[in-house]
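Read the structure below first, then the notes.
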Amino acid sequence: MITADIVIIGGGPAGIAAATAAAQYGASVVLVEENLNLGGKVLSHSGKSLSGIRAEAIEARVRRRMFKAFQKVSDRITVHAGTQAWHIDDRKEVYLQPVAGPAGAAPPRVRGRTLVIAGGAMERMIPFPGWTLPGVYSVGGLNALVRKGILPGKRFLIAGTGPLQVALAHHLAKNGADIVAVISPLSFTRIFPHLKDLVSGIGIFKILSIVNYLFTLQRFRIPVYSSVTLVEALGRDSLDHAVIARADASGRPLPESRRSLSIDAIGVGYGLIPSTDLTRLCGCRHDYDVHAKYWKVRSNSHQETSVPGVFVAGDGSAIRGYAAAIAEGRIAGIEACVHLGIVSRKNADALIRPFAVRLKQMNRFGRALDALSLPGQGMVSAIPDHTLVCRCEDVTMNDVRMAASRGAADINDLKRRTRIGMGHCQGRFCGQIIQDLMAHVSGKPMAPECFTPRIPAKPVTFKTLAEER
């Protein structure tokens, strides 16, 4: 078995920053990344898109600086890319399987004296009729395709909340796509109070990028509508049109305002939420953020969780953007070295101070981001009975309603009765909003709860399991 001072799970901005910081002070590091390329969704792209437009200048500059520092200490970092972590036991052994690249390239397990979990975020989705049709994409998924030179349609609708929609519309338009509309269920009066905090955390250069995005929308005459929501996606074998409608203050569609759009691709999403599957398997304590409506791992100012020697960094901790993720990664890497006795407490305090200041500045930005991404409760209450809420196990909204009427007491009881959350994704999609669904159908508030974590955290092959015997 391979052992190291620090095993880092996640090769995005936080993971790379943690690996670089730890290696700079002499720690041996194993870095595990599910994708073949390091950098995460934002910083992994450095080439050209369909139209020959290079990656955003700011992101490219951050990427160059980040990888330059990483390369200087790469002799102390073992990278296993295209490798998935599917379990972590109480000995800090990380169970691995290859998911891309050559078979056998990664060991079945690695053990760290300390762990840094930088698992990133996942997109929040709200089920709606037709959301399983070919042609319906998450905003992040569609953006990833465009960045790789793939345009999976001709006429696009961009829907949802958060800042990613405008960036996606910009990239699509630059690559020749016909964007029918960009819609958000939020009203401008809800957006406006958070603009100051949003701008305060991104810096002047990123502000100029956003202005550039908006200029693109104006130049290509792309309609942008607030207080408008996506109601339904329709098509026989694949998407061919969508229904949208005006939304009230809660996000609930107004039936009399429904209209149909002829499209063949939708990008939809409602912001990001932390990915907590591995931290929950570790036994780390988690708290429910009632304002952002997601679970996040509990950690102190040193990025250490409730489990000694297990640190967390990046969007898996809280959603504050890649600049905050890099700062958290640096802190986690340094503090892991403190835990190992490689760096003294006094030196560490001086080293992490500028990153701690940066994180404090980003807290307001994170709160604004959460507020602008949160879908209204009316969107949940408007989900029709026939809508699939668990894609893996074919559980409908009506199944949830019937289970609640028959006495399902909480979400894990609902899971036992309906198999919701038992599929391949382990409840990553349905688990995001099941709390709100249960509260809605039962008509009473429910204490925050999440699905009980199960092994494996990700789907594994029989071969992988057999090798563990």
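To convert a position in the sequence shown, counted from 1, into this note's numbering, add 234. The beta-carbon is built from N, C-alpha and C at its ideal position, and this holds for glycine as well.
Helix, strand or coil at arginine 381 [DSSP, three-state]: Reduced to three states, the DSSP call for arginine 381 is helix.
How many angstroms separate the CA atom of alanine 334 from the CA atom of isoleucine 311? 20 Å
Using three-state DSSP, classify glutamate 562 as helix, strand or coil. helix
Three-state class that DSSP yields for arginine 579 in the structure shown: helix
Which of helix, strand or coil DSSP assigns to serine 607: helix
Does the Cβ of isoleucine 689 have 16 or more other Cβ atoms within 10 Å, making it buried, or fewer, making it exposed? exposed
Let me check understanding here. Comparing Cα to Cα, which of Ile668, Leu448, Ser308 lies closest to alanine 643? Ile668
Through-space distance from leucine 603 to serine 443, alpha-carbon basis: 17 Å
Lysine 580 burial status per 10 Å Cβ neighbour count (16 or more: buried): exposed
Identity of the residue in Val263, Val502, Glu293 nearest isoleucine 276 by Cα: As written in the sequence, residue 276 is valine, which differs from the isoleucine given in the question. Comparing Cα positions, the closest option is Glu293.
Three CB pairs or more closer than 8 Å across the stretch 387-394 and the stretch 495-512: yes
Decide yes or no for the touch test of the stretch 611-623 against the stretch 404-413: beta carbon pairs closer than 8 Å, at least 3 of them. no
If we count Cβ pairs, one from each stretch, closer than 8 Å, do we get three or more for the stretch 412-428 versus the stretch 445-460? yes
contact_flag[the stretch 268-275, the stretch 365-373] where n(CB pairs < 8 Å) is 3 or more: no
Considering proline 508, what are the terminal residues of the beta strand (DSSP E) in which it resides? Under the DSSP assignment, proline 508 falls in the beta strand (DSSP E) whose first and last residues are 506-508.
Helix or strand or just coil, what does DSSP make of glutamate 268? coil
Buried or exposed (CB count within 10 angstroms, at least 16 for buried), glutamate 569: Buried, since its Cβ has 16 or more Cβ neighbours within 10 Å.
Leaving out the 5 sequence neighbours to the left and right, which residues in its chain are closer than 7 Å to alanine 746 when beta-carbon positions are compared? In this structure the chain extends from 235 to 703, so residue 746 is not present and cannot be described.
Endpoints, the alpha helix (DSSP H) within which phenylalanine 696 is located: 696-700
Out of curiosity, what's the CA-to-CA distance linking glutamine 318 and glutamine 452? 42 Å
Between which two residues does the beta strand (DSSP E) containing phenylalanine 454 stretch? Unbroken run through phenylalanine 454: none, as it is neither H nor E.
For a cutoff of 9 Å on Cβ pairs, would you count histidine 405 as touching chain B? No chain B appears in this structure, which consists of one protein chain only.
Please report the straight-line C-alpha distance between tyrosine 528 and serine 308, rounded to a whole angstrom. 35 Å
Per DSSP, the bridge partner or partners of leucine 726: In the structure as shown, the chain begins at 235 and stops at 703. Residue 726 is therefore absent and cannot be evaluated.
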